[in-house]
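Here the structure comes first, spelled out in structure tokens, and everything after it is commentary.
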Amino acid sequence: MAAGSAHSKASASQMRGPSDKKVKLDPVDYAVISQGLIAAAKEMGTKLVRSSYSTIVREAQDASAALFDRQGNVIAQAELIPMQLGPMSEIFRACAAIYPPETLKEGDFYINNDPYGGGQHLQDVFIFSPIFFEGRLVGFSGTTAHHLDLGGGNPGLTPDAVDVHAEGLIFPPSLYNYDRDWNGGSLERLLASNVRVPAQTVGDFYAQFAANAVGAERIRQLCKKYGASVVTEAMGELIDYSERRFRAALKEVPDGVYHGEASVDDDGLSDEPLKVKAKVTVTGDSIAVDFDGTCAQVRRNLNCPWASTISATLAAIKSALTSPDIPFNEGVKRPISITAPKGSLVNPNYPAPVRARMLAAYRCFNAVMHALAQVVPDRVIADGNDSTDVTSISHLDGTRYQVYLEVYGGGYGAGPRMDGCDAVDSPLANCTNTPVEAADMDFSHFRIIGYGLIPDSGGAGKQRGGLSFFRRFEILKDGVNFAIYSDRFRLPPLGLFGGENGKRAACEVMRAGKNIPIASKCKVDLRKGDILTLYTAGGAGYGPVKDRPREKIAEDLKQGFISRSAAREAYGYDSGA
Numbered sequence: 001m002a003a004g005s006a007h008s009k010a011s012a013s014q015m016r017g018p019s020d021k022k023v024k025l026d027p028v029d030y031a032v033i034s035q036g037l038i039a040a041a042k043e044m045g046t047k048l049v050r051s052s053y054s055t056i057v058r059e060a061q062d063a064s065a066a067l068f069d070r071q072g073n074v075i076a077q078a079e080l081i082p083m084q085l086g087p088m089s090e091i092f093r094a095c096a097a098i099y100p101p102e103t104l105k106e107g108d109f110y111i112n113n114d115p116y117g118g119g120q121h122l123q124d125v126f127i128f129s130p131i132f133f134e135g136r137l138v139g140f141s142g143t144t145a146h147h148l149d150l151g152g153g154n155p156g157l158t159p160d161a162v163d164v165h166a167e168g169l170i171f172p173p174s175l176y177n178y179d180r181d182w183n184g185g186s187l188e189r190l191l192a193s194n195v196r197v198p199a200q201t202v203g204d205f206y207a208q209f210a211a212n213a214v215g216a217e218r219i220r221q222l223c224k225k226y227g228a229s230v231v232t233e234a235m236g237e238l239i240d241y242s243e244r245r246f247r248a249a250l251k252e253v254p255d256g257v258y259h260g261e262a263s264v265d266d267d268g269l270s271d272e273p274l275k276v277k278a279k280v281t282v283t284g285d286s287i288a289v290d291f292d293g294t295c296a297q298v299r300r301n302l303n304c305p306w307a308s309t310i311s312a313t314l315a316a317i318k319s320a321l322t323s324p325d326i327p328f329n330e331g332v333k334r335p336i337s338i339t340a341p342k343g344s345l346v347n348p349n350y351p352a353p354v355r356a357r358m359l360a361a362y363r364c365f366n367a368v369m370h371a372l373a374q375v376v377p378d379r380v381i382a383d384g385n386d387s388t389d390v391t392s393i394s395h396l397d398g399t400r401y402q403v404y405l406e407v408y409g410g411g412y413g414a415g416p417r418m419d420g421c422d423a424v425d426s427p428l429a430n431c432t433n434t435p436v437e438a439a440d441m442d443f444s445h446f447r448i449i450g451y452g453l454i455p456d457s458g459g460a461g462k463q464r465g466g467l468s469f470f471r472r473f474e475i476l477k478d479g480v481n482f483a484i485y486s487d488r489f490r491l492p493p494l495g496l497f498g499g500e501n502g503k504r505a506a507c508e509v510m511r512a513g514k515n516i517p518i519a520s521k522c523k524v525d526l527r528k529g530d531i532l533t534l535y536t537a538g539g540a541g542y543g544p545v546k547d548r549p550r551e552k553i554a555e556d557l558k559q560g561f562i563s564r565s566a567a568r569e570a571y572g573y574d575s576g577a
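Just so we're aligned: 561 in the working numbering is position 561 of the sequence shown, and the numbers increase by one with no gaps anywhere.
Below you can see the structure in the form of structure tokens.
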């Protein structure tokens with residue numbers, strides 16, 4: 001049994017350096033500084049998105065940013081991608097264990113994307129920059145971005161990768177210097193030589209450095225106004241505040257052991273579902289999650305590295321058991337412990353491929369939610385299109401690659417008080433959609449010819465599941481490479497407490513009048529004239545179908561969310577029209 005820790009025990013006093021003296025925080029100063037830290041992290045996220053080159057960051061906002069103390073504890077973070085943010089401190093510590101923070105100097109930075117060195121999948125590259133004030137290290141700013149292409153065996157993504165090395169360029173936990181190694185230096189040239197769209201990838205790296213610089217400057221401004229010791233003390237107190245709030249929330253949950261499970265459709269090689277099991281133990285003001293019983297790691301890229309398992313578990317617990325106004329920092333992680341068998345789907349052994357780790361991570365999220373539904377039914381949601389449908393449509397035109405990658409959502413699961421949201425990304429990813437206009441401007445090998453909601457795709461219930469959507473592409477050139485990893489093609493999103501399941505996902509190509517089904521985890525060569533359509537899954541319903549108010553059914557009919565036949569079959573409702 002391999003154990004992983006999702007928390008740090010450092011208190012505010014332990015976070016002070018040897019030269020720091022205990023300072024008494026003025027409550028007003030603390031309020032201003034703590035909100036300043038949170039605002040700075042959000043500003044970093046905005047800078048990262050607005051400075052980026054690729055559609056996956058610029059439009060879909062598949063990136064994250066955070067501020068850290070000197071030990072790498074998360075202080076504050078931008079409200080972007082939960083999946084990337086949860087384990088950022090663990091990814092930092094993998095670097096700090098080799099290159100101690102006290103040895104760093106101006107211009108140095110950590111970099112890490114190694115799934116077996118604290119990271120997640122290769123496309124999420126984490127960069128941490130030290131923040132100095134008057135020659136003294138006061139913290140770190142950190143960012144990650146999903147890079148459109150980092151090499152590997154296939155543009156965008158490699159569904160049939162046999163190991164992690166086939167998935168792209170690996171940055172082990174490393175230390176570099178911006179002026180020496182980047183900014184035209186050897187590291188930048190090495191990266192540019194190993195990716196298919198260097199201007200795009202290198203440009204997004206520069207956006208990460210720009211966002212880190214913004215965070216550093218905001219911290220220095222706070223230090224200049226209040227003093228470094230006061231700011232450091234406020235960092236620790238903000239973490240302690242989140243811990244106190246979270247432990248108080250946990251005390252309201254009845255002690256006990258609760259079980260949940262969920263399954264990935266398959267591994268792309270067989271039809272066998274991949275089961276994820278979670279045992280959730282609540283004891284006073286702490287909570288433990290054990291994934292013992294989860295299936296073994298697989299040959300395809302669905303394996304979920306440990307950092308990703310931590311992140312998915314934290315997100316489920318935080319969303320179900322705490323108030324949204326509790327800052328998500330290191331303090332929230334302290335009462336949580338997470339364990340999983342080594343060599344399992346959610347804690348694989350090197351060198352298993354991991355590119356599609358979101359699919360297994362979502363089943364961690366689902367399994368924990370299903371367990372918590374037994375004890376806090378009014379705080380959980382039903383399953384949705386929580387699989388992160390990822391597609392890549394790429395083309396080599398002479399010597400120039402065009403790589404388009406999109407992260408899709410679908411219907412959100414319904415909850416105890418509201419219907420599921422329609423056509424949004426899932427809880428762990430939280431990406432926005434890439435506008436049709438942006439795709440048209442950047443890519444010439446396809447065009448989007450259809451995009452809309454799918455009626456009747458949300459599961460019926462007292463609260464209806466969110467509607468899924470379709471996106472349809474016309475392929476404009478021969479030799480287009482299409483790759484996909486997705487889920488919910490076989491096993492639908494499950495309803496809760498009498499709610500019905502959501503509609504399953506699908507993908508197809510229309511070629512010369514013939515419809516060709518596309519598997520959920522594969523790559524296909526497309527031709528000029530092909531019509532490619534992706535259908536995402538709908539959210540499941542919550543609560544007994546018979547309890548849905550008649551006026552809500554009537555409104556769904558009016559809006560075209562459900563058909564008249566579905567209203568009759570699911571709800572026994574007939575408008576008489």
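C-beta: ideal position from N, C-alpha, C; glycine also.
Can you check whether the CB of A505 is closer than 8 Å to the CB of D389? Position 389 of the sequence shown, counting from 1, holds the residue named residue 389. Position 505 of the sequence shown, counting from 1, holds the residue named residue 505. Against a cut-off of 8 Å, the Cβ pair of A505 and D389 comes out as a contact.
What's the gap between the Cα of I326 and the Cα of A320? Along the sequence shown, read from residue 1 onward, the residue named residue 326 stands at position 326. Along the sequence shown, read from residue 1 onward, the residue named residue 320 stands at position 320. Computed Cα separation, rounded: 13 Å.
For my contact list, D425 and V407 are in at a C-beta cut-off of 8 Å; report their separation, rounded to the angstrom. By one-based count along the sequence shown, residue 425 stands at place 425. By one-based count along the sequence shown, residue 407 stands at place 407. The Cβ separation is near 7 Å, so the contact holds.
Taking buried to mean at least 16 other C-beta atoms within 10 Å of its own C-beta, is E243 buried or exposed? Indexing the sequence shown from 1 puts residue 243 at position 243. E243 comes out buried.
Need the endpoints of the beta strand (DSSP E) that C223 sits in, please. Within the sequence shown, residue 223 is the residue found at index 223, counting from 1. First-last for C223: P198 to Y226, but that is the alpha helix (DSSP H), not the beta strand (DSSP E).
Neighbour flag for G185 against chain E, beta carbons, 8 Å: As a matter of chain content, chain E is missing from the structure shown, which is built from one protein chain.
If you reduce the DSSP assignment to three classes, tell me which class I448 lands in. Position 448 of the sequence shown holds residue 448. DSSP places I448 in strand when its eight states are reduced to three.
Using the three-state DSSP reduction, which class does A161 fall into: helix, strand or coil? By 1-based counting over the sequence shown, the position of residue 161 is 161. Residue state, collapsed to three classes: coil.
Helix, strand or coil for R16, going by three-state DSSP, please let me know. Against the sequence shown, residue 16 aligns to sequence position 16. With a pLDDT of only 47 at R16, under the threshold of 50, the placement of this residue in the model should not be trusted; the figure read from the coordinates follows. Reduced to three states, the DSSP call for R16 is coil.
6 Å Cβ shell around A578 - same chain, five flanking residues per side excluded: The requested residue 578 is not part of the displayed model; the chain covers only 1 to 577.
Sequence-distant residues of the same chain with beta carbon closer than 7 Å to V264, five excluded per side: By 1-based counting over the sequence shown, the position of residue 264 is 264. Only P273, L274, L302, L359, A360, R363 and D487 meet the Cβ criterion.
As an exercise, report each continuous alpha helix (DSSP H) stretch of at least 4 residues that is fully enclosed by the stretch 88–131, in chain order. 88–96
Determine the contact status of R447 and L476, defining contact as a CB-CB distance below 8 Å. On the sequence shown, position 447 is the one that residue 447 refers to. On the sequence shown, position 476 is the one that residue 476 refers to. Yes.
Using 10 angstroms around the beta-carbon of Q601, count the other beta-carbons present and answer buried if the total reaches 16, otherwise exposed. The structure shown does not extend to residue 601, since the chain is modelled only from 1 through 577, so no value can be given for it.
Excluding the 5 residues flanking G268 on each side, which residues of the same chain have their C-beta closer than 6 Å to its C-beta? Taking the sequence shown and counting its residues from 1, the one referred to as residue 268 is at position 268. Taken in chain order, the residues that qualify are R300 and K521.
Just checking, does the stretch 134–141 make contact with the stretch 217–224 on the three C-beta pairs under 8 Å criterion? yes
Let's see if you can read the secondary structure: which residues bound the beta strand (DSSP E) around F496? Mapped onto the sequence shown, residue 496 falls at position 496. According to the sequence displayed, residue 496 carries Leu and not Phe. Where L496 is concerned, there is no enclosing beta strand (DSSP E), given that its DSSP letter is neither H nor E.
Taking buried to mean at least 16 other C-beta atoms within 10 Å of its own C-beta, is E569 buried or exposed? By 1-based counting over the sequence shown, the position of residue 569 is 569. E569 comes out exposed.
Would you tell me roughly how many angstroms separate the C-alpha atoms of E106 and F132, rounded to the nearest one? Position 106 of the sequence shown, counted from the first residue, corresponds to residue 106. Position 132 of the sequence shown, counted from the first residue, corresponds to residue 132. Spanning the two alpha carbons is a distance of roughly 7 Å.
Local Cβ density within 10 Å of P324, reported as buried at 16 or more and exposed below that: Along the sequence shown, one-based indexing puts residue 324 at 324. It counts as exposed.
If the criterion is Cβ atoms closer than 8 Å, does the pair T313 and A249 meet it? The residue you call residue 313 lines up with position 313 of the sequence shown. The residue you call residue 249 lines up with position 249 of the sequence shown. It is not a contact, given that the beta carbons lie outside the stated cut-off.
Below 8 Å between beta carbons: does that hold for P587 and I287? Lying before the first or after the last residue shown, residue 587 is absent from the chain, which here runs from 1 to 577.
Please classify Y350: is it buried, with 16 or more other beta-carbons within 10 angstroms of its beta-carbon, or exposed? Along the sequence shown, one-based indexing puts residue 350 at 350. It counts as exposed.
Using a threshold of 8 Å, state whether the C-beta atoms of L67 and I239 are closer than that. The sequence position of residue 67 within the sequence shown is 67, counting from 1. The sequence position of residue 239 within the sequence shown is 239, counting from 1. It is not a contact, given that the beta carbons lie outside the stated cut-off.
I need the boundaries of the alpha helix (DSSP H) containing P435, first residue and last residue. What you label residue 435 is simply residue 435 of the sequence shown in a count that begins at 1. Neither: P435 is in no alpha helix (DSSP H) and is coded neither H nor E.
Considering only the alpha carbon of each residue, which of S392, G153, A414 and Y176 lies closest to A166? By one-based count along the sequence shown, residue 166 stands at place 166. Ranking the options by Cα distance to A166, first place goes to G153.
Segment limits, beta strand (DSSP E) that includes L405: Here the question's residue 405 lines up with position 405 in the sequence shown. Counting along the chain, the beta strand (DSSP E) containing L405 begins and ends at R400 to Y408.
Using the C-alpha atoms, what's the distance from R247 back to D62? By one-based count along the sequence shown, residue 62 stands at place 62. By one-based count along the sequence shown, residue 247 stands at place 247. Cα-Cα distance, rounded: 31 Å.
For C364, three-class secondary structure by DSSP: Here the question's residue 364 lines up with position 364 in the sequence shown. Of the three classes helix, strand and coil, the one that applies to C364 here is helix, per DSSP.
Skipping 5 residues on each side, what residues in its chain have a beta carbon closer than 7 Å to that of G572? Numbered from its first residue, the sequence shown carries residue 572 at position 572. Closer than 7 Å at Cβ, skipping near neighbours: no residue.
Classification of G384 by the beta-carbon crowding that lies within 10 angstroms, buried from 16 upward: Taking the sequence shown and counting its residues from 1, one reaches residue 384 at position 384. Its Cβ being crowded by 16 or more others within 10 Å, G384 is buried.
Residue span of the beta strand (DSSP E) that contains G139, given as start and end: Residue 139 sits at position 139 when you count from the first residue of the sequence shown. That run of the beta strand (DSSP E) goes R136 to H146.
For a test of the three-state rule: what should DSSP assign to Q77, helix, strand or coil? Sequence index remark: in the sequence shown, residue 77 carries index 77 (1-based). DSSP places Q77 in strand when its eight states are reduced to three.
For A371 and A278, which I take to be in contact (beta-carbon distance under 8 Å), what is that distance rounded to the nearest angstrom? For the purposes of this step, residue 371 is taken as residue 371 along the sequence shown, with counting starting at 1. For the purposes of this step, residue 278 is taken as residue 278 along the sequence shown, with counting starting at 1. Their Cβ separation, rounded to whole angstroms, is 5 Å, which keeps A371 and A278 in contact under 8 Å.
Residues in the same chain with beta-carbon distance under 7 Å from K318, minus the five sequence neighbours each way, listed in chain order, please. Reading the sequence shown from its first residue, position 318 is the one you call residue 318. So the list reads F328 and V332, once near-sequence residues are dropped.
Measure the C-alpha to C-alpha separation of A40 and S89 and round it to an integer number of angstroms. Taking the first residue of the sequence shown as position 1, residue 40 is located at position 40. Taking the first residue of the sequence shown as position 1, residue 89 is located at position 89. Rounded to the nearest angstrom, the two C-alpha atoms are 18 Å apart.
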